[in-house]
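**Student:** Under our numbering, the first residue of the sequence shown is numbered 13, with each subsequent residue one higher. Glycine included, every Cβ here is placed at the ideal spot set by N, Cα and C. Note that this is a predicted model, so its numbers are computed, not measured. Before we start, here is the structure in question, set down as structure tokens.
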Amino acid sequence: MADGIRDNNTRVDAVVIGAGFGGLYATYRLREQGMKVQAFEAGDGVGGTWYWNRYPGARVDSQSYVYQYWFSDDILNKWNWSERFPSQPEVERYLNFVADECDLRKHYAFETRVTEATYHKETGRWTVVTDKDERYDTQFLVACTGGLSAPSLPDIPGIDDFQGELLHTARWPKEGIDVSDKRVGVIGTGATGIQVIQSLAPLAKHLTVFQRTPTFAIPMRNPEFDDAKRAELKAKYPELKQRVFDTFTGFAFDFQDKDWYSMSDEERREMMEEIWRDGSLSFWVGTCKEVFFDPEVSKQFGEFVAEKIRARVNDPETADKLIPKDHGFGTRRIPLETKYFEAYNRDTVDLVDIRANPIQKITAHGVQTAEGEVPLDTLIFATGFDAGTGAMNRIDIRGRTGELLRDLWERNVRTTMGLQVHGFPNLFTTMAPLAPASAFCNVPTCLQHQVDWISECIRYVREQGKQVIEPTEALEQQWVQHHDELADHTIVMSTASWYVKRNGDGTRRMLSYLGGVNTYRQTCDDIAAKNYEGFAIS
Ligand code: NA7
13 MADGIRDNNT RVDAVVIGAG FGGLYATYRL REQGMKVQAF EAGDGVGGTW
63 YWNRYPGARV DSQSYVYQYW FSDDILNKWN WSERFPSQPE VERYLNFVAD
113 ECDLRKHYAF ETRVTEATYH KETGRWTVVT DKDERYDTQF LVACTGGLSA
163 PSLPDIPGID DFQGELLHTA RWPKEGIDVS DKRVGVIGTG ATGIQVIQSL
213 APLAKHLTVF QRTPTFAIPM RNPEFDDAKR AELKAKYPEL KQRVFDTFTG
263 FAFDFQDKDW YSMSDEERRE MMEEIWRDGS LSFWVGTCKE VFFDPEVSKQ
313 FGEFVAEKIR ARVNDPETAD KLIPKDHGFG TRRIPLETKY FEAYNRDTVD
363 LVDIRANPIQ KITAHGVQTA EGEVPLDTLI FATGFDAGTG AMNRIDIRGR
413 TGELLRDLWE RNVRTTMGLQ VHGFPNLFTT MAPLAPASAF CNVPTCLQHQ
463 VDWISECIRY VREQGKQVIE PTEALEQQWV QHHDELADHT IVMSTASWYV
513 KRNGDGTRRM LSYLGGVNTY RQTCDDIAAK NYEGFAIS
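As structure tokens, this is what we get:
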């Protein structure tokens with residue numbers, strides 16, 4: 013071709029992007045319909061998040077027995093989880109196991125990034141171009157690119173000058189690193205930072221944590237499973253696989269029935285202590301719903317957690333620095349931790365509050381703060397992701413009018429139920445904005461529901477002898493409005509975090525739909541049952 017891109021005569025029914033939880037399942041479901049599927053993955057193996065995030069201490073905060081696929085009894089029977097909250101290698105092994113059991117690898121081109129996707133209204137098909145300069149022609153494009161997959165590196169001056177080892181947690185070397193004789197710095201104290209800090213604290217010669225915002229965190233209770241426990245859990249799978257789709261956040265537990273204000277102080281304390289002991293995210297999304305709406309309730313939960321932090325950190329001044337002051341409990345992601353707070357009791361661990369003592373620049377040998385240079389051999393960025401839209405925005409996706417999806421989302425972050433975008437026919441998304449999948453969900457629950465919905469939708473279009481499906485502008489506007497109405501009166505919305513995106517006009521939009529996984533599922537399924545009411549099918 014004149015443009016140097018090879019047409020390899022690959023005309024397929026569907027292109028799937030990504031080999032994480034969503035992409036593997038989409039490939040499986042579409043193939044099951046007899047479709048010709050071509051899938052792409054930037055990594056050299058399957059796993060998505062669990063392929064890329066191989067930093068020390070990487071671990072899932074969802075219980076293993078709900079962090080799995082439900083579609084195959086064979087897989088459910090054969091796979092044995094080793095503990096309640098498995099580490100990255102185990103989840104990666106699980107996804108490899110599923111890929112092998114279902115023979116999915118043969119559909120993938122690994123180490124291949126999709127760089128462009130263009131819709132042609134004359135044919136109703138997409139052209140997909142990869143970084144291997146190959147062009148594919150597909151009817152459907154299913155982007156399972158992940159909501160937290162585009163790493164974000166802060167714009168700190170001097171970053172290129174650093175002569176030691178510089179790492180982002182989401183691009184960790186497969187061979188690992190040895191920190192035993194290293195002075196290590198970690199920037200970032202979100203869910204990732206906490207896991208990496210608690211893991212490296214006992215190993216590094218010295219560890220300096222640069223904290224901008226402290227994080228409320230819950231001690232993880234992570235028993236190992238023996239055969240008896242596994243058998244007990246497996247007996248519950250039929251029930252669990254219904255249950256997770258019926259709760260607010262896709263876990264097996266839900267919010268308490270009782271309202272906060274209907275309880276006495278003693279009852280509240282008792283409830284908090286009891287759920288705290290469970291050592292799971294139920295202390296966040298299994299307590300009282302008011303924690304998301306009522307600043308006073310959020311404050312009281314925050315005080316309870318602050319008390320727990322103070323009891324574990326020897327130096328009261330350090331403890332105080334570790335307690336969030338600028339946001340309420342529950343308004344940002346609550347991670348689980350293991351001896352995170354105790355890490356600061358070590359002589360070899362320093363905490364730098366970079367609001368009081370800002371980072372000025374990175375130097376050749378460390379980090380220069382207002383109070384002096386911290387010498388470092390290894391600098392780790394646990395600074396998170398360009399959430400929700402980042403991975404899709406790195407691809408040039410041109411829709412029906414020629415507009416780039418990136419430009420649309422820069423003006424206005426919008427989707428129809430996180431599944432399609434008006435103006436981008438036959439493009440389907442998982443973990444995109446405006447669905448619970450993008451944040452407030454036990455992700456595999458939401459991904460499985462979204463992929464099931466997408467594959468049934470595609471089946472319907474094909475069975476009707478039609479070619480193209482796209483949400484109408486009216487339906488999308490209705491969804492955006494409904495989404496905003498639910499989100500705008502929560503206190504999550506008034507807190508700065510990766511949960512909230514900014515539109516071009518300066519208005520803010522919640523990434524995740526806050527009506528609950530159960531309600532969302534029902535709404536999507538009702539639309540499907542009404543033959544995709546609100547979608548234009550031609
Ligand atoms: P997060 O939750 O976005 O955390 C990123 C952390 O990095 C957070 O503490 C940030 O501070 C900090 N950060 C970001 N930029 C800077 C700069 N420029 N200087 C100093 N500190 C900075 O990402 P994670 O990877 O921890 O977690 C993402 C999700 O993955 C998590 O919620 C789980 O669902 C899995 P800030 O809070 O912005 O002040």
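Excluding five sequence neighbours on each side, which residues of the same chain lie with their C-beta closer than 7 Å to the C-beta of Ile168?
**Tutor:** Counting only Cβ-Cβ distances below 7 Å, and skipping sequence neighbours, we find Ile371, Lys373 and Ile374.
**Student:** Pull up the distance between the alpha-carbon of Ala449 and that of Asp517, whole angstroms please.
**Tutor:** Answer to the nearest angstrom: the Cα atoms are 25 Å apart.
**Student:** Look up Arg195 in the DSSP assignment and say whether it is helix, strand or coil.
**Tutor:** Three-state DSSP puts Arg195 in a strand.
**Student:** Can you list, in chain order, the stretches of the alpha helix (DSSP H) that have 4 or more residues and sit fully within the region 334–394?
**Tutor:** Runs found: 352–355.
**Student:** How big is the Cα-Cα spacing for Ala499 and Asp173?
**Tutor:** If I take the Cα positions, the gap works out to 42 Å.
**Student:** Which two residues bound the contiguous alpha helix (DSSP H) that contains Phe313?
**Tutor:** Per DSSP, Phe313 belongs to the alpha helix (DSSP H) from Pro307 to Arg322.
**Student:** Let me check one thing: in DSSP terms, what residues is Ala121 bridge-paired to?
**Tutor:** Per DSSP, Phe52.
**Student:** In angstroms with no decimal places, state the Cα-to-Cα distance between Thr330 and Ser524.
**Tutor:** Approximately 33 Å between the Cα atoms of the pair.
**Student:** Which residue comes first and which comes last in the alpha helix (DSSP H) that contains Met284?
**Tutor:** Residues Asp277 to Asp290.
**Student:** Using beta-carbon positions only, say whether Tyr557 and Leu245 come within less than 8 Å of one another.
**Tutor:** No information on residue 557 is available, as it lies outside the stretch 13 to 550 that the chain covers here.
**Student:** Across which residues does DSSP place Trp138 in a beta bridge pair?
**Tutor:** Paired residue(s): Tyr131 and Thr150.
**Student:** Gln207 to Asp389, Cα distance in whole Å?
**Tutor:** Computed Cα separation, rounded: 20 Å.
**Student:** Cβ of Ser32 within 7 Å of any heavy atom in the ligand NA7?
**Tutor:** Looking at the sequence shown, residue 32 is not Ser but Gly. Not under cutoff, so the answer is no.
**Student:** Go ahead and label Tyr37 buried or exposed: buried means 16 or more other beta carbons lie within 10 angstroms of its beta carbon, across all protein chains shown.
**Tutor:** So Tyr37 counts as buried.
**Student:** If you run the structure through DSSP and keep just helix, strand and coil, what is Glu482?
**Tutor:** The answer is strand: DSSP assigns Glu482 an E or B state.
**Student:** On a CA-only basis, which of Lys194, Trp64, Pro231 and Asp496 is nearest Gly55? Give me that one, please.
**Tutor:** Out of Lys194, Trp64, Pro231 and Asp496, Trp64 has the C-alpha closest to the C-alpha of Gly55.
**Student:** For a test of the three-state rule: what should DSSP assign to Ile503, helix, strand or coil?
**Tutor:** In the structure shown, Ile503 sits in coil (DSSP, three-state: anything other than H, G, I, E or B).
**Student:** Rounded C-beta distance between Phe222 and Gly202? I'm assuming under 8 Å.
**Tutor:** At roughly 13 Å, the Cβ-Cβ gap does not stay under 8 Å, so Phe222 and Gly202 are not in contact.
**Student:** Below 6 Å CB to CB, which residues in the same chain sit around Trp421 once its five sequence neighbours on both sides are set aside?
**Tutor:** If we look at Trp421 and ignore the five residues flanking it on each side, its Cβ neighbours are Thr401.
**Student:** With which residues is Gln462 paired in a DSSP beta bridge?
**Tutor:** In DSSP, Gln462 forms no bridge with anything.
**Student:** May I have the straight-line CA-CA distance separating Ile470 from Gly546, to the nearest angstrom?
**Tutor:** Approximately 15 Å between the Cα atoms of the pair.
**Student:** Name the two residues that bound the continuous beta strand (DSSP E) containing Asp327.
**Tutor:** Note, Asp327: premise wrong, no beta strand (DSSP E); not H, not E.
**Student:** Let me know the secondary structure DSSP gives Met404 once reduced to three states.
**Tutor:** Helix.
**Student:** Give the straight-line distance between the Cα atoms of Phe316 and Leu334, rounded to the nearest whole angstrom.
**Tutor:** The alpha-carbon atoms of Phe316 and Leu334 are separated by roughly 14 Å.
**Student:** Would Gly69 be called buried (16 or more neighbouring beta carbons within 10 Å of its own) or exposed?
**Tutor:** So Gly69 ends up on the buried side.
**Student:** What does the alpha-carbon distance come out to for the pair Arg255 and Asp19?
**Tutor:** The alpha-carbon atoms of Arg255 and Asp19 are separated by roughly 47 Å.
**Student:** Looking at Ile230 and Ala355, is the spacing between their C-beta atoms short of 8 Å?
**Tutor:** Going by C-beta atoms, Ala355 is not nearer than 8 Å to Ile230.
**Student:** Please return the same chain residues whose Cβ sits closer than 7 Å to the Cβ of Ile503, not counting the five positions on each side in sequence.
**Tutor:** Taken in chain order, the residues that qualify are Phe304, Phe305, Pro307, Ser310, Gly340 and Thr343.
**Student:** For my contact list, Phe452 and Leu348 are in at a C-beta cut-off of 8 Å; report their separation, rounded to the angstrom.
**Tutor:** Not quite, the Cβ-Cβ distance comes to about 16 Å (not below 8 Å), so this is no contact.
**Student:** Return the CA-CA distance between Glu443 and Pro387, expressed in angstroms with no decimal places.
**Tutor:** Before going further, note that residue 443 is Met rather than Glu in the sequence given. Using only the alpha carbons, I get a separation of about 40 Å.
**Student:** Where does Glu187 fall in DSSP's three states?
**Tutor:** Here Glu187 sits in coil by DSSP.
**Student:** Under the rule that 16 or more other beta-carbon atoms within 10 Å means buried, what is Lys513, buried or exposed?
**Tutor:** Classification of Lys513: buried, given that the 10 Å Cβ count is 16 or more.
**Student:** Look at the alpha carbon of Thr204 and the alpha carbon of Pro336, and state the distance between them as a whole number of angstroms.
**Tutor:** Thr204 and Pro336: Cα-Cα distance of roughly 17 Å.
**Student:** Would you kindly work out how many angstroms separate the C-alpha atoms of Ala216 and Cys156, rounded to a whole number?
**Tutor:** Near 37 Å, if we compare the C-alpha coordinates of Cys156 and Ala216.
**Student:** Which residues bound the beta strand (DSSP E) around Thr441?
**Tutor:** Thr441 -> beta strand (DSSP E) spans Leu439 to Thr441.
**Student:** Under a three-way DSSP split, which group does Ile209 fall into?
**Tutor:** Helix.
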